[in-house]
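Scroll down for the structure; my scribbles are underneath it.
In the numbering used here, the protein residues as written are 221 to 358.
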(Lines of atoms letter the chains of each structure in order from A and count residues from 1; the text may use other names and numbers.)
(Lines give C-alpha, C1' and ligand atoms only; values in the text may rest on other atoms or scores of the structure.)
Protein backbone atom coordinates (compact mmCIF):
# COMPACT_ATOMS: atom_id res chain seq x y z
CA UNK A 1 0.00 0.00 0.00
CA UNK A 2 1.41 3.40 -0.98
CA UNK A 3 1.55 6.51 1.24
CA UNK A 4 -1.22 8.00 -0.91
CA UNK A 5 -3.45 4.95 -0.37
CA UNK A 6 -2.84 4.99 3.40
CA UNK A 7 -3.60 8.72 3.52
CA UNK A 8 -6.85 8.39 1.58
CA UNK A 9 -7.89 5.39 3.65
CA UNK A 10 -7.34 7.42 6.83
CA UNK A 11 -9.28 10.37 5.37
CA UNK A 12 -12.18 8.01 4.63
CA UNK A 13 -12.06 6.66 8.17
CA UNK A 14 -12.05 10.14 9.72
CA UNK A 15 -14.59 11.73 7.39
CA UNK A 16 -16.91 8.80 7.02
CA UNK A 17 -19.76 9.19 4.59
CA UNK A 18 -19.78 12.95 5.17
CA UNK A 19 -16.58 13.71 3.26
CA UNK A 20 -16.05 13.03 -0.44
CA UNK A 21 -12.45 11.82 -0.21
CA UNK A 22 -12.08 11.53 -3.97
CA UNK A 23 -12.76 15.27 -4.25
CA UNK A 24 -10.01 16.13 -1.74
CA UNK A 25 -7.50 13.44 -2.73
CA UNK A 26 -5.19 15.79 -4.64
CA UNK A 27 -5.20 18.35 -1.81
CA UNK A 28 -4.47 15.64 0.74
CA UNK A 29 -1.56 14.22 -1.24
CA UNK A 30 -0.19 17.71 -1.93
CA UNK A 31 -0.38 18.54 1.79
CA UNK A 32 1.41 15.29 2.67
CA UNK A 33 4.18 16.04 0.16
CA UNK A 34 4.47 19.59 1.51
CA UNK A 35 4.89 18.32 5.06
CA UNK A 36 7.54 15.81 3.94
CA UNK A 37 9.38 18.60 2.09
CA UNK A 38 9.38 20.55 5.39
CA UNK A 39 11.39 17.72 6.89
CA UNK A 40 8.63 15.67 8.49
CA UNK A 41 9.27 11.93 8.45
CA UNK A 42 6.76 9.90 6.46
CA UNK A 43 4.85 7.43 8.55
CA UNK A 44 1.62 6.76 10.37
CA UNK A 45 1.81 9.85 12.62
CA UNK A 46 2.26 12.19 9.67
CA UNK A 47 -0.48 10.42 7.72
CA UNK A 48 -2.86 10.78 10.68
CA UNK A 49 -2.00 14.46 11.12
CA UNK A 50 -2.45 15.31 7.44
CA UNK A 51 -5.68 13.31 7.16
CA UNK A 52 -7.09 15.04 10.24
CA UNK A 53 -6.18 18.49 8.89
CA UNK A 54 -7.62 17.86 5.42
CA UNK A 55 -10.85 16.34 6.73
CA UNK A 56 -11.18 19.18 9.25
CA UNK A 57 -10.95 21.72 6.44
CA UNK A 58 -13.82 20.04 4.62
CA UNK A 59 -15.91 19.83 7.79
CA UNK A 60 -15.31 23.54 8.49
CA UNK A 61 -16.54 24.41 5.00
CA UNK A 62 -19.61 22.23 5.50
CA UNK A 63 -20.33 23.80 8.89
CA UNK A 64 -19.95 27.28 7.45
CA UNK A 65 -22.38 26.27 4.72
CA UNK A 66 -25.04 25.50 7.32
CA UNK A 67 -24.42 21.82 8.08
CA UNK A 68 -24.74 21.82 11.87
CA UNK A 69 -23.70 18.18 12.15
CA UNK A 70 -20.34 19.01 10.53
CA UNK A 71 -19.43 21.20 13.52
CA UNK A 72 -20.36 18.34 15.85
CA UNK A 73 -18.14 16.01 13.82
CA UNK A 74 -15.27 18.52 14.27
CA UNK A 75 -15.79 18.39 18.03
CA UNK A 76 -15.74 14.60 17.92
CA UNK A 77 -12.61 14.60 15.74
CA UNK A 78 -10.64 16.96 17.99
CA UNK A 79 -11.94 16.44 21.55
CA UNK A 80 -9.14 14.13 22.68
CA UNK A 81 -6.39 16.38 21.34
CA UNK A 82 -7.99 19.50 22.85
CA UNK A 83 -8.16 17.79 26.23
CA UNK A 84 -4.50 16.77 25.92
CA UNK A 85 -3.52 20.33 25.00
CA UNK A 86 -5.44 21.70 27.98
CA UNK A 87 -3.89 19.21 30.38
CA UNK A 88 -0.44 19.98 29.01
CA UNK A 89 -0.79 23.76 29.18
CA UNK A 90 -3.07 24.32 32.18
CA UNK A 91 -1.44 26.12 35.03
CA UNK A 92 -2.28 26.09 38.70
CA UNK A 93 -5.88 26.80 39.46
CA UNK A 94 -7.09 25.89 35.97
CA UNK A 95 -9.33 22.88 35.53
CA UNK A 96 -8.22 21.42 32.16
CA UNK A 97 -11.51 19.55 31.69
CA UNK A 98 -13.53 22.76 32.05
CA UNK A 99 -11.18 24.59 29.70
CA UNK A 100 -11.42 21.81 27.09
CA UNK A 101 -15.21 21.93 27.34
CA UNK A 102 -15.16 25.68 26.66
CA UNK A 103 -12.84 25.20 23.68
CA UNK A 104 -15.12 22.57 22.18
CA UNK A 105 -18.11 24.88 22.64
CA UNK A 106 -16.19 27.55 20.72
CA UNK A 107 -15.91 25.18 17.77
CA UNK A 108 -19.70 25.01 17.70
CA UNK A 109 -20.29 28.74 18.17
CA UNK A 110 -17.37 30.31 16.29
CA UNK A 111 -16.85 28.04 13.27
CA UNK A 112 -18.12 30.83 11.00
CA UNK A 113 -15.17 33.02 12.05
CA UNK A 114 -12.58 30.70 10.54
CA UNK A 115 -11.24 32.48 7.45
CA UNK A 116 -9.04 29.64 6.20
CA UNK A 117 -10.72 26.25 6.70
CA UNK A 118 -7.50 24.43 5.79
CA UNK A 119 -5.86 26.06 8.81
CA UNK A 120 -8.35 24.76 11.36
CA UNK A 121 -5.72 23.23 13.62
CA UNK A 122 -3.78 26.50 14.17
CA UNK A 123 -7.10 28.29 14.76
CA UNK A 124 -8.06 25.66 17.31
CA UNK A 125 -4.69 25.96 19.06
CA UNK A 126 -5.12 29.76 19.34
CA UNK A 127 -8.64 29.33 20.73
CA UNK A 128 -7.33 26.80 23.27
CA UNK A 129 -4.56 29.18 24.31
CA UNK A 130 -7.00 32.08 24.79
CA UNK A 131 -9.46 29.94 26.74
CA UNK A 132 -6.67 28.81 29.07
CA UNK A 133 -5.66 32.44 29.61
CA UNK A 134 -9.30 33.33 30.41
CA UNK A 135 -9.54 30.45 32.89
CA UNK A 136 -6.30 31.59 34.49
CA UNK A 137 -7.80 35.03 35.18
CA UNK A 138 -10.86 33.60 36.98
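Where is the CB? At the ideal position from N, CA and C, for every residue including glycine.
Check                                                                                                                                                  : Outcome
Taking the Cβ atom as the reference point for each residue, do residue 340 and residue 273 lie within a distance shorter than 9 Å?                     : yes
Would you please state the rounded distance, in angstroms, between the beta carbons of residue 320 and residue 303? I believe it to be under 8 Å.      : 4 Å
If you count every other CB in all the chains shown that lies within 10 Å of the CB of residue 308, and 16 or more means buried, which is it?          : exposed
Counting Cβ pairs closer than 8 Å, one from the segment 311-320 and one from the segment 343-358, do we hit at least three?                            : yes
Given a threshold of 16 other Cβ atoms within 10 Å of its Cβ, counted over all protein chains shown, does residue 241 qualify as buried or as exposed? : buried
Report the rounded CA-to-CA distance for residue 342 versus residue 276, giving the unit in angstroms.                                                 : 12 Å
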